[in-house]
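Comments concern the structure below.
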Amino acid sequence: METAQRAVLFADVTDSTRIYESLGDAVALAVINGLFGHLEKIVAKFTGSVVKTLGDGLVCTFEDPDDGFRAACEMQASVTALAQRASNRLQIKIGFTYGPVILSKGDVFGDTMNVCARLVTLANPEQILTSGQTVEALSPGLRTRCRELFPTRIKGKADEVPVSDVIWRYDPAVTETNLTRAQLAPDVQMALKLIYRANIFVVSRTRPALQLGREDDNDIVVVSLFTSRMHARVQARDGHFVLTDLSTNGTFVLVDEHSSEVHLRREEAVLGGRGWIGLGKSAAKHGDHSVRYTLQPEIA
0 METAQRAVLF ADVTDSTRIY ESLGDAVALA VINGLFGHLE KIVAKFTGSV
50 VKTLGDGLVC TFEDPDDGFR AACEMQASVT ALAQRASNRL QIKIGFTYGP
100 VILSKGDVFG DTMNVCARLV TLANPEQILT SGQTVEALSP GLRTRCRELF
150 PTRIKGKADE VPVSDVIWRY DPAVTETNLT RAQLAPDVQM ALKLIYRANI
200 FVVSRTRPAL QLGREDDNDI VVVSLFTSRM HARVQARDGH FVLTDLSTNG
250 TFVLVDEHSS EVHLRREEAV LGGRGWIGLG KSAAKHGDHS VRYTLQPEIA
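So the sequence shown is numbered by numbering that gives the first Met the number 0: it starts at 0 and just counts up by one.
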C-alpha cells in the first residue's frame, strides 16, 4: 500500500438501461465492452492506467493531471463522433479529479476517488465535471477551458467542493445572451426575486447564488419530469444576475413583453426586467417546471 498523487477519471455510459432493452443483453454488453476497449486505447495514449470497470463505468488514473484532462476531452470527442455514425447513440459522462490517493492491490482509494465518484453522478451526458482543486493543478492553458459552476456537498467532507465544467469541444457553444440590462444609477443595489409555488427566494449581496433542480439539496426544489437533478444556477456576477443551464433538456427564458424565448443549452443568460424561467420545457407553459423572476431594488 502506498500514497501517491494521481488524476482519477470515471467514465460512465449514460442511459444503459435503454441500450439493454433496445438491443438485448448479449448485443448491448458487446457494444458497451467495445466502447470500453476504445476508451482504454485513449487511456493508454495519454500514459494512463485502467484500474477497473464497474458495471457501465470505467475507472482509470494518470500521474499528470494534464494527461487526465486531455484523455477526458478525447473520450468525449471520440464517443460523440462514433455516436453520429452508429444507429444506437452512445453517450458518456465523466468525473475527473486530482489529488492524493491510496494505491493498494491494483485498486485506488481515498478522498480523491470519493469526490470523483460524486462528480460523475452530477454530470450530464456529454459532460466532464472536475473539482476546483483539480483546476488549480492544471497547466494555465487548460485552466482556461474550465468554467466554475457551483459548490456541492460530498458525504464525509465538512466543506463544499467547487465544481467546474470542462469545455471539451474546441468550438463550444457557450455564449452569454444579454436578454435585457437594467439601466440604473451605479449606487442602486439590485436583487433578483424568484417565485416558485408561492415560495419566494432572493439573490442579492447577502445570498449571491441559488441552485435549482429536482434533488432535495437544491435551494429551489422544482418537482417536474422535465427537470434535471441539478438543473440550473442563478448567481450575482459583476453587477448582473446570471442564469447558467446545467441540465439535459435545457433551460428556457421568456422575458415579459417579448414574444420569443431563449433556449439555453449549457449556456448563460443575463436576467433583467421580469419574466419566466422554464426548467426543461418552454417557459410559456407556466406549469410545475416554471419559476417567475423579477429584478428589483434591494430592500435594506
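Here a beta-carbon is modelled for each residue, glycine too, at the ideal position from N, C-alpha and C.
If you draw a 10 Å sphere on the C-beta of Ile199, you find fewer than 16 other C-beta atoms in it, and that means exposed. Around the beta carbon of Ala136, 16 or more other beta carbons sit within 10 angstroms, so the residue counts as buried. Residue environment: Glu125 is assigned as buried (16 or more neighbouring CB atoms within 10 Å of its CB, all protein chains considered).
In this structure, the beta-carbon distance from Ser281 to Phe251 falls below 8 Å.
If you draw a straight line from the Cα of Ala27 to the Cα of Ala283, it is about 39 Å long.
In the DSSP assignment, His288 is bridged to no other residue. Between the segment 106-114 and the segment 136-145 there are fewer than three inter-stretch CB-CB distances shorter than 8 Å, so the stretches are not counted as touching.
Counting only unbroken stretches of 3 or more residues, the beta strand (DSSP E) elements lying wholly within the segment 222-258 are 231-236, 239-244, 250-254, in sequence order.
When DSSP reads this structure, Ala208 sits in a beta bridge with Gln234. The alpha carbon of Phe225 has as its nearest neighbour, out of Phe95, Gly271, Arg236, Asp287, the alpha carbon of Asp287. With contacts defined as CB atoms closer than 8 Å, Ala71 and Phe95 qualify as a contacting pair.
In the structure shown, Glu266 falls within a coil segment according to DSSP collapsed to helix, strand and coil. For Gly56, the enclosing beta strand (DSSP E) covers residues 56-61.
Between the beta-carbon of Ala190 and that of Leu211 there is about 17 Å, and that puts the pair past the 8 Å contact cut. A residue is called buried once 16 or more other Cβ atoms fall within 10 Å of its Cβ, and Asp11 is buried on that count. Thr13: not part of any beta strand (DSSP E); DSSP gives it neither H nor E. Within its own chain, the residues whose Cβ lies closer than 7 Å to the Cβ of Thr133, once the five positions on either side in sequence are excluded, are Pro64, Phe95, Thr96, Tyr97, listed in chain order.
If the five residues before and after Val7 are omitted, its C-beta is found closer than 6 Å to the C-beta atoms of Thr60, Thr96, Thr111, Met112, Cys115, all from its own chain and listed in chain order. If you check the CB distance, Arg228 and Val221 do not come in under 8 Å. 8 Å or more divides the Cβ of Ile166 from the Cβ of Val160. By the criterion of a C-beta distance shorter than 6 Å, Asn248 is surrounded in its chain by Phe225, Gly279, once the five residues flanking it on both sides are discounted.
Rounded to the nearest whole angstrom, the C-alpha separation of Ser138 and Asp66 is 11 Å. Contact check for Gln234 against Pro207 passes: the beta carbons are separated by less than 8 Å. Excluding its 5 nearest sequence neighbours in each direction, Thr46 has C-beta neighbours in its own chain below 8 Å: Phe61, Glu62, Asp63, Asp66, listed in chain order. Val162 places its beta carbon less than 8 Å from that of Ser130.
Boundaries for Met112: no beta strand (DSSP E) harbours it, while the alpha helix (DSSP H) harbouring it runs 110-121, taken from the DSSP string. Only residues of its own chain outside the window of five on either side were considered, and among them Val49 have a CB closer than 6 Å to the CB of Glu39, listed in chain order. For Gly131, the enclosing alpha helix (DSSP H) begins and ends at 131-136.
A direct Cα-to-Cα measurement between Ile91 and Val78 gives close to 7 Å.
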